[in-house]
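These protein sequence lines map, in sequence, to chains A and B. Sequential numbering from 2 applies to the first sequence in our numbering. Sequential numbering from 2 applies to the second sequence in our numbering. Positions of the beta carbon are idealized from the N, C-alpha and C atoms, including for glycine. Heads up, the thing below is written out as structure tokens.
There are 2 protein chains.
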Amino acid sequence: MADPQYRLEQIIKVLRDKGHRITPQRLALLKIIAKSEGHPSVEQIYEQMKADFPTTSLATIYKTLTLLKEVGEVLELNFATAGSHYDGNKPYPHPHVICTRCGQILDRKSVALAEISQEMARLTGYEITHHQLNFFGLCPECQKAGPG
Amino acid sequence: MADPQYRLEQIIKVLRDKGHRITPQRLALLKIIAKSEGHPSVEQIYEQMKADFPTTSLATIYKTLTLLKEVGEVLELNFATAGSHYDGNKPYPHPHVICTRCGQILDRKSVALAEISQEMARLTGYEITHHQLNFFGLCPECQKAGPG
DNA sequence: TTTCTAAAGATAATGATTATCCATAAAAAT
DNA sequence: ATTTTTATGGATAATCATTATCTTTAGAAA
Ligand SMILES: [Mn+2]
Ligand SMILES: [Mn+2]
Ligand SMILES: [Zn+2]
Ligand SMILES: [Zn+2]
């Protein structure tokens, strides 16, 4: 679907243009989120990082993710369950479908959502900057497994 | 809009029917969330509780809110910012509009949302149980105050 | 090279929530 | 009524993700 290589260069360019350095550690993290199909958690990114940089600190992961949030190149997802997840391929708001049993996170889009957003702005007078729309339930796999 | 007294009795009945006791502390908390127009935080509920029960423990607040979640009589809102908020009047999923500056939380509804939910279920095969839809931005008041 | 500063790494601190443990009060049983 | 049982309240410790702090390191610039 997406082109990890292009996405990687895209993020690098944004960071460079804003005067940030592309260090080996950052490059490694960028590769991870650029190639990620799903929505990795901090812990998952941390584990992958340690493959190339065994001495990586969790603090570095958090700092880099915060930086990416600031420059708008990653979308942070935080549900009730502890631990944020990150989307490095679609850094703009979009709907997600989450399985409450296995934790799968799917990307979706919805044209109607833009309309709802405008409707909300009109009705409330708000200047809406972003939104989050999450659907929770059981994925087909977990439905087969039955209740329990 | 809503009738706090009726809402209160409604919650009491659900708790009683499921074999839970209506203690003085619980009754006090129920009154607080039944009459609340907004979406109080744990800390706000805690402060109000201390008016009637100065020795109330935060643990009791959390336990009671967890109980109310379990019986489906309160909706928990958790955004990125630390600290959950609770809606005791509309315990079912519905859209919220949140000001990122002053923290105001508005209730809204959207007919299109039900359709989107069904669309998601159809496209993904998920059995969707609930959702969350939050819009973030600046309320009219905070817009006047200007950037900064 | 030397200097300057961003970034990495280690670790402590924070803060919301949860767990634990005991005291207590409310039902139930006798 | 009295006793028994159990749920609940209250105090406090523990947990866990995230952030802050501090020092070291490394990359860019001079
Ligand atoms: Mn996504
Ligand atoms: Mn609400
Ligand atoms: Zn699943
Ligand atoms: Zn505001």
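Span of the beta strand (DSSP E) holding Tyr87(B)?
-> Residues 86 to 88.
Going by other Cβ atoms of all chains shown within 10 Å of its Cβ, with 16 needed for buried, is Thr56(A) buried or exposed?
-> exposed
Residue burial classification, Lys32(A) (beta-carbon count within 10 angstroms, cutoff 16) = buried
List the residues of chain B whose Cβ lies closer than 8 Å to the Cβ of Asn79(A), in chain order.
-> Asn79, Phe80, Ala81
Are there 16 or more other CB atoms within 10 angstroms of the CB of Val75(B), so buried, or fewer, so exposed?
-> buried
Using 8 Å as the limit for Cβ to Cβ distance, is Phe137(A) near chain B?
-> Chain B has a Cβ within less than 8 Å of the Cβ of Phe137(A).
Is His132(A) near ligand 2, with its Cβ less than 7 Å from a heavy atom?
-> no
Per DSSP, Asp18(A) is paired with what?
-> Asp18(A) is not bridged to any residue.
Under 8 Å, do Gln6(A) and Asn135(B) count as touching if we go by C-beta distance?
-> no
Cβ neighbours of Leu139(A) in the same chain (closer than 8 Å, five flanking residues each side left out) = If we look at Leu139(A) and ignore the five residues flanking it on each side, its Cβ neighbours are Cys100, Thr101, Arg102.
According to DSSP, what are the bridge partners of Glu128(A)?
-> Leu139(B)
Express the C-alpha separation of Gly104(A) and Ala115(B) in angstroms, rounding to a whole number.
-> So the alpha carbons of these two residues sit roughly 23 Å apart.
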